[in-house]
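Asks: All residue numbers for the sequence shown refer to our numbering, where the first residue is 2 and numbers rise by one.
Idealized CB from N, CA, C, for every residue including glycine.
Below is one structure. I have some questions about it.
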Amino acid sequence: MQRALEAAGFDVLNVDYRSREAPIEQLSEQVVGQALADCRTRGAGPIHFVAHSLGGILLRQYADRHPQAIAGRVVMLGPPNQGTEIVDRLGGWRVFSLLNGPAGRQLGTTRDSIPRRLGPVRFCLGVIAGSRSLNWINSLIIPGPNDGKVSVERTKVAGMSDHLVVAATHPLMMRHREVIARTIEFLRHGQFRTHAPQ
């Protein structure tokens with residue numbers, strides 16, 4: 002995706018972070034705050050975001066605490082915007098905690114989970130949900146179409162500008178040709194222009 006975005010004319014800062022080492026509140030300040038600072042240091046104009054999975058929740062958390070900070074367009078790939086049943090069912094298991102850390106345990110579907118506590122988004126957001134799964138065990142836990150981690154329905158969030166379902170799996174969304182093409186489309190135009198909005 003980075004190569005495709007650069008070929009489309011975007012300057013890309015690809016941010017990696019240790020998702021297992023801290024809760025969402027701390028990660029959002031470190032990751033999103035530092036990314037914004039790095040982009041401004043580079044003299045970036047409008048700063049857009051493309052976030053996968055937990056990254057989308059970090060953005061929402063940061064925007065909740067810094068309402069004016071996210072001024073560009075945002076595309077979220079497979080975000081658990083309303084949590085995921087996987088955490089409800091497996092979040093208490095020790096192996097889950099080891100693999101997903103404290104932030105992963107905050108992604109349940111109950112009203113006190115971080116995604117459910119955050120309000121509507123107030124930035125230009127396009128959400129791409131996947132409808133294929135590589136993990137049939139997880140898919141037995143998740144109701145309805147899903148990408149093996151989160152259901153299509155739970156990727157939605159109040160205030161989003163557009164929503165799109167692609168036959169992609171959760172871990173490979175950022176490599177999927179249609180996902181890449183639609184991401185570029187949204188960053189340029191603020192909507193997924195080649196389909197009727199849902």
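In chain order, what are the residue ranges of uninterrupted alpha helix (DSSP H) at least 4 long that sit wholly in the stretch 132-184?
Replies: Correct list: 137-142.
Asks: Kindly list the residues whose CB is nearer than 6 Å to the CB of L126, restricted to its own chain and excluding five residues on each side of it in sequence; keep chain order.
Replies: Locating residue 126 in the sequence shown gives position 125, where the first residue counts as 1. Taken in chain order, the residues that qualify are V75, M161 and S162.
Asks: Where does Q83 land, buried or exposed, given buried means 16+ other C-beta within 10 angstroms?
Replies: Here the question's residue 83 lines up with position 82 in the sequence shown. Answer is buried; the Cβ neighbour count reaches 16.
Asks: What residues are listed by DSSP as bridge partners for V128?
Replies: Locating residue 128 in the sequence shown gives position 127, where the first residue counts as 1. According to DSSP, V128 bridges with M77 and H164.
Asks: Report the option in A52, Q3, T42 and A64 whose CA atom is closest to the CA atom of E1.
Replies: The structure shown does not extend to residue 1, since the chain is modelled only from 2 through 199, so no value can be given for it.
Asks: Could you give the distance in angstroms between the alpha-carbon of G120 and the alpha-carbon of A9?
Replies: Reading the sequence shown from its first residue, position 119 is the one you call residue 120. Reading the sequence shown from its first residue, position 8 is the one you call residue 9. Answer to the nearest angstrom: the Cα atoms are 32 Å apart.
Asks: Whole angstroms is fine: what's the gap from V166's alpha carbon to R66's?
Replies: Within the sequence shown, residue 166 is the residue found at index 165, counting from 1. Within the sequence shown, residue 66 is the residue found at index 65, counting from 1. Spanning the two alpha carbons is a distance of roughly 29 Å.
Asks: Smallest Cα separation from M77: which of G92, V33, L55 and V88?
Replies: Residue mapping note: residue 77 aligns to position 76 of the sequence shown, counting from 1. Taking only the C-alpha atoms, the option nearest M77 is L55.
Asks: So who's on the other strand from H53, going by DSSP bridges?
Replies: As a working mapping, residue 53 is identified with position 52 in the sequence shown. According to DSSP, H53 bridges with L78.
Asks: Are three or more beta carbon pairs between the stretch 16-36 and the stretch 102-110 nearer than 8 Å?
Replies: These segments touch.
Asks: Whether or not the stretch 93-103 and the stretch 41-52 are in contact is what I'm after, with contact meaning three or more pairs of Cβ atoms, one per stretch, closer than 8 Å; do they touch?
Replies: Judged by Cβ distances under 8 Å, the stretch 41-52 makes no contact with the stretch 93-103, as fewer than three pairs qualify.
Asks: Which stretch, first to last residue, makes up the alpha helix (DSSP H) that contains S98?
Replies: As a position in the sequence shown, residue 98 is number 97, starting the count at 1. S98 -> alpha helix (DSSP H) spans R95 to R106.
Asks: Which of the three DSSP states, helix, strand or coil, is assigned to A197?
Replies: As a working note, residue 197 is residue 196 in the sequence shown. Note that A197 scores 44 on pLDDT, short of 50, meaning its location in the model is unreliable; the coordinates nonetheless yield the value given after this. In the structure shown, A197 sits in coil (DSSP, three-state: anything other than H, G, I, E or B).
Asks: Classify I143: buried if its beta carbon has 16 or more other beta carbons within 10 angstroms, exposed otherwise.
Replies: The residue you call residue 143 lines up with position 142 of the sequence shown. Its Cβ being crowded by 16 or more others within 10 Å, I143 is buried.
Asks: Kindly give me the distance between the Cβ atoms of L135 and T170, rounded to whole angstroms, as I take these residues to be in contact under 8 Å.
Replies: The sequence position of residue 135 within the sequence shown is 134, counting from 1. The sequence position of residue 170 within the sequence shown is 169, counting from 1. Yes, L135 and T170 are in contact; Cβ-Cβ is about 5 Å, under 8 Å.
Asks: Leaving out five residues before and five after E179 in sequence, what residues of the same chain have Cβ atoms less than 7 Å from its Cβ?
Replies: Stepping through the sequence shown from its first residue, residue 179 is reached at position 178. Answer for E179: V167, listed in chain order.
Asks: Buried or exposed: where does G79 fall if 16 or more other Cβ atoms within 10 Å of its Cβ makes it buried?
Replies: As a working note, residue 79 is residue 78 in the sequence shown. It counts as buried.
Asks: Please go through the same chain and pick out, in chain order, the residues whose beta-carbon is closer than 7 Å to the beta-carbon of Q62, but skip the five residues on each side of it.
Replies: What you label residue 62 is simply residue 61 of the sequence shown in a count that begins at 1. The residues are I25, E26, S29, I115 and L119.
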